[in-house]
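Each residue of the sequence shown is one higher than the one before, starting from 23 at the first, in our numbering.
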Amino acid sequence: LWLCTFRMTKRQNTSIICNNCLGGILYHDFGIRFNSPFINLMIPTPQYIELLNELDSIKNFDVVDITPKGNRYPIALLHNKYELHFMHYDSFVEAKDKWKQRVERIDVENLYVILVETHSSCYQDLVNFENLSFKNKIIVTHKAYPEIKCSVPIKDYDGINSNGEILWPMNRWGKTKYDQIDWVSFLNLR
23 LWLCTFRMTK RQNTSIICNN CLGGILYHDF GIRFNSPFIN LMIPTPQYIE
73 LLNELDSIKN FDVVDITPKG NRYPIALLHN KYELHFMHYD SFVEAKDKWK
123 QRVERIDVEN LYVILVETHS SCYQDLVNFE NLSFKNKIIV THKAYPEIKC
173 SVPIKDYDGI NSNGEILWPM NRWGKTKYDQ IDWVSFLNLR
């Protein structure tokens, strides 16, 4: 990845929008500044797709704490309808501050939208995502869907039943299932 990072200096304005932690992992792996608030969180798939339809207005949306007592991570409600599960934050205040800071950095001219098929996804969600008008989009799936042109199946990925499995190392060299995708080409980092 160091070579990819070296080649990417011209693309530091890349905004990755993703429904789970994969987007943040890509930012880390390629050494890109976080130009998206969709970092260290999870959004249920149907809500994520609906939110993508309102992306132009997202900077104006309120973020409200709805964390149940005793929950291990903060949960927020965005615009009174989208659940943001801030799975890698210690407090709601920290998560909200990062959200507000990073939402201002979204560059709609360099937008890359990712849907990772998870347990909260159904086939209709994949179809709905395919029909979104984003130029650069990809669906990471657990099996082939030839009729869905932006889907990319991952071998041995069982995202339907296992949260986060796509990010787990597959071997002692740290290779993961998401490494099967040519992210450099998708993110236009050449």
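Just so you know, even glycine gets a beta-carbon here, dropped at the ideal spot from N, CA and C.
All of these numbers come straight from a predicted model, not from anything done at the bench.
Task: Straight-line Cα distance separating K91 from C40 - done: In the sequence shown, the residue the question calls residue 40 occupies position 18. In the sequence shown, the residue the question calls residue 91 occupies position 69. Rounded to whole angstroms, C40 to K91 spans 27 Å at the Cα level.
Open item on the list: What does the alpha-carbon distance come out to for the pair I170 and Y111?
Closed with: Position 148 of the sequence shown, counting from 1, holds the residue named residue 170. Position 89 of the sequence shown, counting from 1, holds the residue named residue 111. Whole-angstrom Cα-Cα distance: 34 Å.
Task: DSSP three-state assignment for D178, whether helix, strand or coil - done: For the purposes of this step, residue 178 is taken as residue 156 along the sequence shown, with counting starting at 1. DSSP places D178 in coil when its eight states are reduced to three.
Task: Where T198 sits in the DSSP three-state scheme - done: The sequence position of residue 198 within the sequence shown is 176, counting from 1. In the structure shown, T198 sits in a strand (DSSP, three-state: E or B).
TODO: Starting from I136, follow the beta strand (DSSP E) in both directions and report where the run begins and ends.
DONE: Your numbering for residue 136 matches position 114 in the sequence shown. First-last of the beta strand (DSSP E) with I136: L133 to V138.
Task: Where the beta strand (DSSP E) through E21 begins and ends - done: Nothing in the structure corresponds to residue 21, since the chain is present only between 23 and 212.
Open item on the list: I'd like the list of long-range same chain contacts for P59, defined as Cβ closer than 6 Å, with 5 residues on each side in sequence excluded.
Closed with: As a working note, residue 59 is residue 37 in the sequence shown. Same-chain partners within the cutoff: W121, R124 and V125.
- [ ] Identify the continuous alpha helix (DSSP H) that holds K159 and give its terminal residues.
- [x] Along the sequence shown, read from residue 1 onward, the residue named residue 159 stands at position 137. It is not in any alpha helix (DSSP H) - K159 instead sits in the beta strand (DSSP E) that spans K159 to T163.
Task: Exposure of D147, with buried meaning 16 or more beta-carbon neighbours within 10 Å - done: Here residue 147 refers to the residue found at position 125 when the sequence shown is read from its first residue. Its Cβ being crowded by 16 or more others within 10 Å, D147 is buried.
Task: C-alpha distance - G45 paired with L137, whole-angstrom precision - done: For the purposes of this step, residue 45 is taken as the residue at position 23 of the sequence shown. For the purposes of this step, residue 137 is taken as the residue at position 115 of the sequence shown. Cα to Cα, the separation comes out at about 10 Å.
- [ ] Sort F156, N75, I54 and F108 by Cα distance to T89 and report the nearest one.
- [x] Working through the sequence shown from its first residue, we reach residue 89 at position 67. Residue F108 is the option with its Cα nearest to T89.
Task: Inter-residue spacing [alpha-carbon to alpha-carbon] between Y70 and H164 - done: Along the sequence shown, one-based indexing puts residue 70 at 48. Along the sequence shown, one-based indexing puts residue 164 at 142. Cα-Cα distance, rounded: 19 Å.
Open item on the list: With DSSP as the reference, identify every bridge partner of I97, one or two as the case may be.
Closed with: Numbered from its first residue, the sequence shown carries residue 97 at position 75. BP columns for I97 point to H107.
Open item on the list: Using C-beta distances below 8 Å, list every residue in its chain close to S142, excluding the 5 sequence neighbours before and after it, in chain order.
Closed with: Along the sequence shown, one-based indexing puts residue 142 at 120. P66, T67 and P68, listed in sequence order.
Open item on the list: At the level of alpha carbons, what is the spacing between P96 and G53?
Closed with: Taking the sequence shown and counting its residues from 1, the one referred to as residue 96 is at position 74. Taking the sequence shown and counting its residues from 1, the one referred to as residue 53 is at position 31. For P96 and G53, the distance between alpha carbons rounds to 26 Å.
- [ ] Rounded to whole angstroms, what's the CA-CA distance from M114 to I61? Just pull it up for me.
- [x] In the sequence shown, residue 114 corresponds to position 92, counting from 1. In the sequence shown, residue 61 corresponds to position 39, counting from 1. It should be pointed out that residue 114 corresponds to Phe in this sequence rather than to Met. Between F114 and I61, the C-alpha separation is close to 14 Å.
Open item on the list: Can you tell me whether N42 is buried or exposed? The criterion is at least 16 other CB atoms within 10 Å of its CB, across all chains shown.
Closed with: Locating residue 42 in the sequence shown gives position 20, where the first residue counts as 1. Buried, by the Cβ-count rule.
Task: Close Cβ partners of A117 (< 6 Å) along its chain, the five nearest in sequence each way excluded - done: For the purposes of this step, residue 117 is identified with residue 95 of the sequence shown, where counting begins at 1. The answer, listed in chain order, is P96, F108 and Y111.
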